[in-house]
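For what it's worth, our numbering labels the leading residue of the sequence shown as 46, then goes sequentially. We put the beta carbon where it would ideally sit given N, CA and C, even for glycine.
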Amino acid sequence: MDNNMLVKKIFLAYIIGLILLTGCASREYLTSTKTNQKIKSEAQTKIQNISDIETWQQTDNIDLDGDEIKDKILFKCQPGSNDFTLKVNNVSTSGKGENLDGNFVIVNIDKTDKFNEIAISESGPSSDEQTAFYCYDGQELIFMGKVQGSNNSIKILGDGKVIANKRGQILQTWFYEEPYNLSKLHKLEKIPQDLYKMNSKVKMKEELRLLQSRTDKNFSITLQKGEEVIILLSDDKHWCLVENSKGKKGWFAVDNYDQIRGTNWKASEVFEGLCYAD
Ligand SMILES: [Ca+2]
Ligand SMILES: [Ca+2]
């Protein structure tokens, strides 16, 4: 009988121990599941990046104005909509875009100043991406400007520049890097460029005589029918610089987007391989 009682007590203690252990294990499992869910949801917010920067809809973990106090940022925007509200601490501003991504990223345009900036991207009507930039000076939210390109195509390296991805205005569908500086008032200022890289490989469908330069109207080289050439540079207004396979260069101009000056041809009648998207 005593032995029986002992066995029963040991068995009971074993069962209680087992229940307690299972309970602990479940709690541990629960905690670890919660952590996993948190990690997962954090990972899901990383949709698009500018140089490894996360996208957010809200955060209170970033100091925008460099006072060493983290700021509370709240972004209200439906993905695909045309309006947003941006709130930092107790200051809020509203803005417009077309087909907004619905989130923002924090960027550090100039690593040597105390500010971090907020970038808000939109897709536009048909892949006409643009990104608006805001900064917070501790009192106000300041609109810094809007540039072409989105999270994926804009370059920010921390050297005080934003390299936008601008769509070309002449000849064909092409994009080029357009640099911006920060002004004294911390606004984005376009750095004027004379020429932009086009680097389009094309094949000649007609013979075309090129000019020495944009100011010297003497002929330089004649591109032969069937010859493969590269359109190297353009001012994105009228002029394009072409290099042939022998490394010789010359210029041509277009008017009204793609009408080759001095001829009756459109660019597509002279060059094979130009891009025409949408
Ligand atoms: Ca702060
Ligand atoms: Ca900075």
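>> Quick check on the contact list: which residues have their beta carbon closer than 6 Å to a heavy atom of ligand 1?
In response: Asp-108, Leu-109, Asp-110, Asp-112, Ile-114 and Asp-116
>> Out of Gly-111, Glu-185, Lys-200 and Ser-166, which one is the CA nearest neighbour of Val-133?
In response: Glu-185
> Is it buried or exposed for Ile-236, if we count other Cβ within 10 angstroms and need 16 for buried?
Replying inline: exposed
>> Buried or exposed for Thr-176, going by 16 or more other Cβ atoms inside 10 Å?
In response: buried
>> Taking 7 Å as the limit between beta carbons, can you name the residues of its chain near Trp-284, skipping five residues before and five after?
In response: Once the five neighbours on either side are set aside, the close Cβ partners of Trp-284 are Arg-259, Trp-296 and Ala-298.
>> Checking the sheet assignment: what are the DSSP bridge partners for Ile-165?
In response: Phe-149 and Ala-177
> Buried or exposed: Ile-114, going by 16 or more other Cβ atoms within 10 Å of its Cβ?
Replying inline: exposed
>> Considering only their Cβ atoms, is the gap separating Asp-116 from Tyr-179 smaller than 9 Å?
In response: no
> How would you call Ala-322, buried or exposed, if buried means at least 16 neighbouring beta carbons within 10 angstroms?
Replying inline: exposed
> Can you give the Cα-Cα distance for Pro-224 and Ser-265, rounded to whole angstroms?
Replying inline: Those two C-alpha atoms are separated by around 32 Å.
> Closest by CA to Glu-317, which one among Leu-216, Asp-261, Asn-263 and Arg-306?
Replying inline: Nearest option by C-alpha distance: Leu-216.
> DSSP state of Ser-245, grouped into three classes?
Replying inline: strand
> Distance, Cα to Cα, Glu-252 vs Asp-281?
Replying inline: 23 Å
> From the DSSP output, which residues share a beta bridge with Ser-137?
Replying inline: Lys-132
>> Can you list, in chain order, the residues of its chain with a C-beta nearer than 7 Å to that of Val-247? Leave out the 5 residues immediately preceding and following it.
In response: Once the five neighbours on either side are set aside, the close Cβ partners of Val-247 are Val-274, Ile-276, Phe-316, Glu-317, Gly-318 and Leu-319.
> So which of Gly-307, Asn-301, Lys-211 and Leu-145 has the shortest CA-CA distance to Lys-262?
Replying inline: Gly-307
> If you compare alpha carbons, which of Gln-123, Gln-257, Lys-291 and Lys-250 is closest to Glu-314?
Replying inline: Lys-250
> Around the C-beta of Asn-197, are 16 or more other C-beta atoms found within 10 angstroms, so that it is buried, or is it exposed?
Replying inline: exposed
>> Looking only at its chain, what residues have a beta carbon closer than 6 Å to the beta carbon of Gly-125, apart from the 5 residues adjacent to it on each side?
In response: Closer than 6 Å at the Cβ level, and outside the excluded window around Gly-125, lie Asn-144.
> Any heavy atom of ligand 2 closer than 8 Å to the CB of Ile-154?
Replying inline: yes
>> Once DSSP output is grouped into helix, strand and coil, what is the label at Glu-223?
In response: strand
> In its own chain, which residues sit with a C-beta less than 6 Å from the C-beta of Ile-165, not counting the 5 before and 5 after it?
Replying inline: Once the five neighbours on either side are set aside, the close Cβ partners of Ile-165 are Phe-149 and Ala-177.
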